[in-house]
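**Student:**
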Amino acid sequence: MRLLPKSAFGQTVMLLAGLLLINQLVSYTIVVMYVIKPSYDQINDLLAKQVKTVFLDEPLHGRKRIEVPDELRERFFKATGIEMYSQQAAAAAGVNQATYYSYLSNELGEELGGTTEVRISEGASFDIWVRPPMAPHYWLKVPLTGFQGFQFSPLPLYLALIGVLSVLGGWLFARRLNRPLKKLEVAAHRVGRGERPDRLPEDVGSTEVEAVTRAFNQMAKGVAQLEDDRALLMAGISHDLRTPLTRIRLATEMMESSENYLKDGINDDIEDMNAIIDQFIAYVRQDREDSPEPCDVATLIEDAVSAFADRPLEASLQLAKLPELWVRPLSIKRLIYNLLENAERYGRGQAQVEARLSVDRHWLVLKVGDNGPGIPENERERLFLPFERGDKARSTHGSGLGLAIIKKIVDSYHGKITLGQAATLGGLSVEIRLPLTSLSPVDEA
Numbered sequence: 002m003r004l005l006p007k008s009a010f011g012q013t014v015m016l017l018a019g020l021l022l023i024n025q026l027v028s029y030t031i032v033v034m035y036v037i038k039p040s041y042d043q044i045n046d047l048l049a050k051q052v053k054t055v056f057l058d059e060p061l062h063g064r065k066r067i068e069v070p071d072e073l074r075e076r077f078f079k080a081t082g083i084e085m086y087s088q089q090a091a092a093a094a095g096v097n098q099a100t101y102y103s104y105l106s107n108e109l110g111e112e113l114g115g116t117t118e119v120r121i122s123e124g125a126s127f128d129i130w131v132r133p134p135m136a137p138h139y140w141l142k143v144p145l146t147g148f149q150g151f152q153f154s155p156l157p158l159y160l161a162l163i164g165v166l167s168v169l170g171g172w173l174f175a176r177r178l179n180r181p182l183k184k185l186e187v188a189a190h191r192v193g194r195g196e197r198p199d200r201l202p203e204d205v206g207s208t209e210v211e212a213v214t215r216a217f218n219q220m221a222k223g224v225a226q227l228e229d230d231r232a233l234l235m236a237g238i239s240h241d242l243r244t245p246l247t248r249i250r251l252a253t254e255m256m257e258s259s260e261n262y263l264k265d266g267i268n269d270d271i272e273d274m275n276a277i278i279d280q281f282i283a284y285v286r287q288d289r290e291d292s293p294e295p296c297d298v299a300t301l302i303e304d305a306v307s308a309f310a311d312r313p314l315e316a317s318l319q320l321a322k323l324p325e326l327w328v329r330p331l332s333i334k335r336l337i338y339n340l341l342e343n344a345e346r347y348g349r350g351q352a353q354v355e356a357r358l359s360v361d362r363h364w365l366v367l368k369v370g371d372n373g374p375g376i377p378e379n380e381r382e383r384l385f386l387p388f389e390r391g392d393k394a395r396s397t398h399g400s401g402l403g404l405a406i407i408k409k410i411v412d413s414y415h416g417k418i419t420l421g422q423a424a425t426l427g428g429l430s431v432e433i434r435l436p437l438t439s440l441s442p443v444d445e446a
């Protein structure tokens, strides 16, 4: 079991809490040694002198009954405030309700030379009850008017309060110190997903954090520039390639009818090349073609499936009731279209599309299955990389960007994608789960 937190925030708070705990222990020891103990010693010395004065001529463990004239008792009480009680009278006066103090009893016993019991009662007056060793059957009630309201318990309470406030202050300090790092973490995740976060403020936090933030902003700007350059490069390549492809297509129209077989082969190759160029552009420009808007997701899925109505793929659709969500419509259509295109290319003419909400209603679940040969489990993760194709697909057409484009779209929604075996058709099953927290249902927006 890990005792120390891994985060810098947690370690900072724990360090501050540890230092404050040591400080509190040292403070408590100093207060006890130099404030409380001297007070206790003064009280013990005062009590010992008063008890010795009362029992000046009494031996240790003296007589069971001490006769004191009433007049002398009254004069002594008026002069000192000290009263003497028998065991029974002390019980009636409330000695049993007084609090026993072992430390005072032991210290006073050493002063008086025998077993002593000290109790303290707090109420309208602050009284100390003493049962001395020279008269164990009697109690002395010593009022300490100068110590009215004296309490020993506020010290731990005060130290505990100071400790809690100090830890709370340290927590707020550490939280403020680590807040720029949290923003930096969120921005780094966005850059990793291909997004472009806003420029982070560089004048927040310590000098080290400012330096890291400044370096991150430069890196994010460089990555964004690299993406722009790549998009411009792909746009230029696609434009330059389509021009000679168009000329080749025009040239095929001028070929003799006896060369139709050759003409058809060239046109098929041109179509494949155009499709590959379109996939290149889609992969590079993904997330820049449209922005989120409230959409009927079911309608978007139906539109994508309807595009295969006149094609050899037979696609069935199972749609549950879906809420209106904030999505990028082209990205949702492209998800379904690319999956169906893969099913058409590698399957055997059948596909099944399913869209629903998860049981806990936290996810939008999209699933497309086909009746093709499927993909071995050890190759599934690799196929999400650009230009990767499975062994059964290497002899077919395609750029190997289909699943890579799908993965990139799913990542932009913070979703999950898994490959498996279709339960109904027996081929490949692709399940996509998009969190509703990223889709912002319209009725909750």
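Read in order, the letters of the sequence shown are residues 2 to 446 in our numbering.
Backbone N, C-alpha and C fix where the C-beta goes; we use that ideal spot for every residue, glycine too.
#1: Quick one: what's got a C-beta closer than 6 Å to residue 18's C-beta in the same chain, skipping five residues either side?
#2: Considering only residues of the same chain and omitting the five flanking positions on each side of residue 422, which have a CB-CB separation below 8 Å?
#3: Would you report the Cα separation of residue 433 and residue 293, rounded to the nearest angstrom?
#4: Between the alpha carbons of residue 314 and residue 204, how many angstroms are there, rounded?
#5: On the DSSP bridge assignment, give the partners of residue 115 in chain order.
#6: From the DSSP output, in three-state form, read off residue 256 for me.
#7: So which of 225, 179, 113 has the shortest CA-CA distance to residue 213?
#8: Excluding the five sequence neighbours on either side, which residues of its own chain have a C-beta within less than 7 Å of the C-beta of residue 351, listed in chain order?
#9: Using the rule of at least 16 other Cβ atoms within 10 Å of the residue's Cβ for burial, across every protein chain shown, is residue 193 buried or exposed?
#10: Counting Cβ pairs closer than 8 Å, one from the stretch 40-57 and one from the stretch 101-111, do we hit at least three?
#11: Alpha carbons only, please: which of 104, 92, 82 is nearest the one belonging to residue 1?
#12: Report yes if the CB atom of residue 340 is closer than 7 Å to the CB atom of residue 369, and no otherwise.
#13: What are the boundary residues of the alpha helix (DSSP H) that residue 438 is part of?
#14: Below 8 Å, how does it come out for the stretch 260-279 and the stretch 232-246: are there three or more Cβ pairs, yes or no?
#15: By how many angstroms is the C-alpha of residue 342 removed from the C-alpha of residue 317?
#16: Return the CA-CA distance between residue 13 and residue 211, expressed in angstroms with no decimal places.
#17: Hey, is the stretch 224-235 in contact with the stretch 256-270, meaning 3+ C-beta pairs nearer than 8 Å?
#18: Label residue 238 either buried or exposed according to how many other C-beta atoms from any shown protein chain fall within 10 Å of its C-beta, with 16 as the threshold for buried.
#19: Here's a check: name, in chain order, each residue in its chain whose Cβ is nearer than 6 Å to the Cβ of residue 118, leaving out the five neighbours to either side.
#20: In the stretch 328-389, which residue ranges form an unbroken beta strand (DSSP E) of at least 3 residues, counting only runs that do not cross its ends?
#21: What whole-angstrom Cβ distance do residue 358 and residue 330 have, given they're in contact under 8 Å?
#22: Could you check where the beta strand (DSSP E) with residue 301 kicks off and where it finishes?
#23: On the premise that residue 436 lies in contact with residue 364, defined as a C-beta separation below 8 Å, what is that separation, rounded to the nearest angstrom?
#24: Quick check: residue 83 and residue 141, are their CB atoms within less than 7 Å of each other?
#25: At the level of alpha carbons, what is the spacing between residue 419 and residue 410?
#26: Identify the continuous beta strand (DSSP E) that holds residue 143 and give its terminal residues.
#27: Would you kindly work out how many angstroms separate the C-alpha atoms of residue 404 and residue 170, rounded to a whole number?
#28: Do the CB positions of residue 320 and residue 356 come within less than 7 Å of each other?
#29: Thinking C-alpha only, which one of 197, 274, 202 is nearest residue 241?
#30: For residue 110, which residues does DSSP report across the bridge?
**Tutor:** The structure says:
#1: Taking the first residue of the sequence shown as 1, we reach residue 18 at position 17. Excluding residues up to 5 positions away in sequence, 168 lie with their Cβ nearer than 6 Å to the Cβ of residue 18 in the same chain.
#2: Numbered from 1 along the sequence shown, position 421 holds the residue referred to as residue 422. A distance below 8 Å between beta-carbons, with the five flanking residues on each side excluded, links residue 422 to the following residues of its chain, in chain order: 375, 428, 429, 430.
#3: Along the sequence shown, read from residue 1 onward, the residue named residue 433 stands at position 432. Along the sequence shown, read from residue 1 onward, the residue named residue 293 stands at position 292. Roughly 19 Å between the two C-alpha positions.
#4: Position 313 of the sequence shown, counted from the start, is the residue given in the question as residue 314. Position 203 of the sequence shown, counted from the start, is the residue given in the question as residue 204. Near 58 Å, if we compare the C-alpha coordinates of residue 204 and residue 314.
#5: The residue labelled residue 115 in the question sits at position 114 within the sequence shown. Beta-bridge pairing links residue 115 to no other residue.
#6: By one-based count along the sequence shown, residue 256 stands at place 255. The answer is coil: DSSP assigns residue 256 none of H, G, I, E or B.
#7: To locate residue 213, count along the sequence shown from 1; it is residue 212. Looking at the Cα atoms, 179 is the closest of the given residues.
#8: Mapped onto the sequence shown, residue 351 falls at position 350. Closer than 7 Å at the Cβ level, and outside the excluded window around residue 351, lie 315, 371, 372, 426.
#9: Against the sequence shown, residue 193 aligns to sequence position 192. Exposed.
#10: yes
#11: Outside the displayed range of the chain (2 to 446) lies residue 1, so it cannot be described from this structure.
#12: Position 339 of the sequence shown, counted from the start, is the residue given in the question as residue 340. Position 368 of the sequence shown, counted from the start, is the residue given in the question as residue 369. Taking 7 Å as the Cβ cut-off, residue 340 and residue 369 qualify as a contacting pair.
#13: Sequence index remark: in the sequence shown, residue 438 carries index 437 (1-based). That run of the alpha helix (DSSP H) goes 437-440.
#14: yes
#15: Within the sequence shown, residue 317 is the residue found at index 316, counting from 1. Within the sequence shown, residue 342 is the residue found at index 341, counting from 1. One C-alpha to the other measures close to 14 Å.
#16: As a position in the sequence shown, residue 13 is number 12, starting the count at 1. As a position in the sequence shown, residue 211 is number 210, starting the count at 1. Those two C-alpha atoms are separated by around 19 Å.
#17: no
#18: Translated into positions along the sequence shown, residue 238 becomes position 237. By the beta-carbon neighbour count (other beta carbons within 10 angstroms, threshold 16), residue 238 is exposed.
#19: Position 117 of the sequence shown, counted from the first residue, corresponds to residue 118. Closer than 6 Å at the Cβ level, and outside the excluded window around residue 118, lie 106, 132.
#20: 351-358, 364-371
#21: In the sequence shown, counting from the first residue as 1, residue 358 sits at position 357. In the sequence shown, counting from the first residue as 1, residue 330 sits at position 329. Not quite, the Cβ-Cβ distance comes to about 19 Å (not below 8 Å), so this is no contact.
#22: Counting from one through the sequence shown, the residue named residue 301 turns up at place 300. No beta strand (DSSP E) holds residue 301; the alpha helix (DSSP H) holding it covers 298-307.
#23: The residue you call residue 364 lines up with position 363 of the sequence shown. The residue you call residue 436 lines up with position 435 of the sequence shown. With 8 Å as the limit, residue 364 and residue 436 qualify as a contact, their Cβ atoms being about 6 Å apart.
#24: Against the sequence shown, residue 83 aligns to sequence position 82. Against the sequence shown, residue 141 aligns to sequence position 140. Going by C-beta atoms, residue 83 is nearer than 7 Å to residue 141.
#25: Residue mapping note: residue 419 aligns to position 418 of the sequence shown, counting from 1. Residue mapping note: residue 410 aligns to position 409 of the sequence shown, counting from 1. Approximately 14 Å between the Cα atoms of the pair.
#26: As a first step, residue 143 is located in the sequence shown; it is residue number 142 there, counting from the start. Where residue 143 is concerned, the enclosing beta strand (DSSP E) stretches over 139-144.
#27: Stepping through the sequence shown from its first residue, residue 404 is reached at position 403. Stepping through the sequence shown from its first residue, residue 170 is reached at position 169. If I take the Cα positions, the gap works out to 50 Å.
#28: By 1-based counting over the sequence shown, the position of residue 320 is 319. By 1-based counting over the sequence shown, the position of residue 356 is 355. Against a cut-off of 7 Å, the Cβ pair of residue 356 and residue 320 comes out as a contact.
#29: If you number the sequence shown from 1, residue 241 lands on position 240. Looking at the Cα atoms, 274 is the closest of the given residues.
#30: Counting from 1 along the sequence shown, the entry for residue 110 is found at position 109. BP columns for residue 110 are empty, so no partner.
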